[in-house]
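Trainee: To start, I am sharing the structure in question, which I have written as structure tokens.
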Amino acid sequence: MLFLTHSIFNTAPMNKTASFLMLFMAGVYTGYTQKCTLYVPNKIGAVIETTSYDKKGKETGTNTLTIKAITNVAEGTQFLVENISKQKKSEEVPPTEYTFLCKGDRFVMDMKQFVPKEQVQSYKDAKIEATDLDYPATMQVGQSLADGRITVSLTQEGMPIPMVTSVDILNRKVTGREDVVTRAGSFNCYKIEYDVAIKMMFKINFKVTEWVAENVGSVKSETRDTNGKLSGSTLLTRLVN
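Sequential numbering from 1112 applies to the sequence shown in this note's numbering.
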């Protein structure tokens, strides 16, 4: 997953800003000598643009991802990705970089890095705990995938009780294999569904469906409330590979 967790924490009150929740799930890479498979281009300089829409289908912004580097490290093959996010009703956000790892037969994402550093610097103490979110080398319809969790605890002078925000990604399951057509092309995708539970000063629960294609990544996603009502979506709109 690339920016689900990053976007969730950008929407939390702890950040003092509000923006629309966006989804970009990344899958599994094919490293030089690794066995894992990635759902993002395995090429330095490749660009993926994902456009987000509100519940009425109105465009709200874009995420542009660029593969900056692919290197061999002790644990496997590491991928450096730059993300540029542009939201129509928000201030311009500086580019951010993330690393992902092909480790054995898994593509691993350290969810800690998705918490924006600038959002916690104003607090006296910040404690971040997270599990890795990973994808197996192969996926099959009906297969369950491992859950993910991240917890951020913030303490500020004069604050007797830490402010805690947690995000759980639950019940991940491959539910189908479908063709998806966008203006970027036609893609054969795995359909993955899961639940997201956010706890802070209040609770937020919603459901996500994503369609990911090998060697591409997220082609389409839909976010719905617990009643099944659409609240937002994303679509792959440009691919330079």
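Ideal Cβ positions, reconstructed from N, Cα and C, are used throughout, including at glycine. Fair warning: this is a prediction, and the values are worked out from it, not measured in the lab.
With a threshold of 8 Å, are at least 3 pairs of Cβ atoms found where one atom belongs to the region 1266-1282 and the other to the region 1172-1192?
Mentor: With the cut-off at 8 Å, the region 1266-1282 and the region 1172-1192 do not touch.
Trainee: For the candidate residues 1291, 1261, 1267 and 1286, whose alpha-carbon lies nearest to that of residue 1277?
Mentor: Looking up residue 1277 in the sequence shown gives position 166. Cα-wise, what sits closest to residue 1277 is 1261.
Trainee: From residue 1209 to residue 1225, what does the alpha carbon distance come to, in whole angstroms?
Mentor: On the sequence shown, residue 1209 is found 98 positions in, with the first residue counted as 1. On the sequence shown, residue 1225 is found 114 positions in, with the first residue counted as 1. Cα to Cα, the separation comes out at about 8 Å.
Trainee: Mapping DSSP to helix, strand and coil, what is residue 1224?
Mentor: To locate residue 1224, count along the sequence shown from 1; it is residue 113. Correct three-state label for residue 1224: helix.
Trainee: What does DSSP give as the partner residue(s) for residue 1264 in the beta ladder?
Mentor: Residue 1264 sits at position 153 when you count from the first residue of the sequence shown. 1238 and 1275, per the DSSP bridge assignment.
Trainee: In chain order, what residues of the same chain have a beta carbon less than 7 Å from the beta carbon of residue 1352, not counting five sequence neighbours either side?
Mentor: Counting from 1 along the sequence shown, the entry for residue 1352 is found at position 241. Same-chain partners within the cutoff: 1152, 1154 and 1157.
Trainee: Taking C-beta to C-beta, are residue 1341 and residue 1166 nearer than 8 Å?
Mentor: Numbered from 1 along the sequence shown, position 230 holds the residue referred to as residue 1341. Numbered from 1 along the sequence shown, position 55 holds the residue referred to as residue 1166. Contact flag set, yes.
Trainee: With a 10 Å radius around its C-beta and 16 neighbouring C-beta atoms as the bar for buried, classify residue 1332 as buried or exposed.
Mentor: The residue you call residue 1332 lines up with position 221 of the sequence shown. Per the 10 Å Cβ criterion, buried.
Trainee: For residue 1136, count the other beta carbons within 10 Å of its own beta carbon; 16 or more makes it buried, fewer makes it exposed. Which is it?
Mentor: By 1-based counting over the sequence shown, the position of residue 1136 is 25. Bear in mind that the predicted position of residue 1136 carries a pLDDT of just 39, short of 50, making it unreliable; the figure below should be weighed with that in mind. That one is buried.
Trainee: Once the 5 residues before and after residue 1195 are set aside, which same chain residues still bring their CB inside 7 Å of it?
Mentor: Taking the first residue of the sequence shown as 1, we reach residue 1195 at position 84. Same-chain partners within the cutoff: 1175 and 1206.
Trainee: So is residue 1169 buried or exposed if we call it buried at 16+ other beta carbons inside 10 Å?
Mentor: Position 58 of the sequence shown, counting from 1, holds the residue named residue 1169. Flag for residue 1169 reads exposed.
Trainee: I'd like to know if the region 1262-1273 and the region 1293-1302 are in contact, where contact means that at least 3 CB-CB pairs between them fall below 8 Å.
Mentor: Output reads no: the region 1293-1302 does not touch the region 1262-1273.
Trainee: With distances taken from CA atoms, which of 1201, 1227, 1164 and 1214 is nearest residue 1243?
Mentor: Position 132 of the sequence shown, counted from the start, is the residue given in the question as residue 1243. The shortest Cα separation from residue 1243 among 1201, 1227, 1164 and 1214 belongs to 1214.
Trainee: When you compare the CB positions of residue 1304 and residue 1318, do they come within less than 8 Å of one another, or not?
Mentor: Position 193 of the sequence shown, counted from the first residue, corresponds to residue 1304. Position 207 of the sequence shown, counted from the first residue, corresponds to residue 1318. Their beta carbons are under 8 Å apart, which means residue 1304 touches residue 1318 by this criterion.
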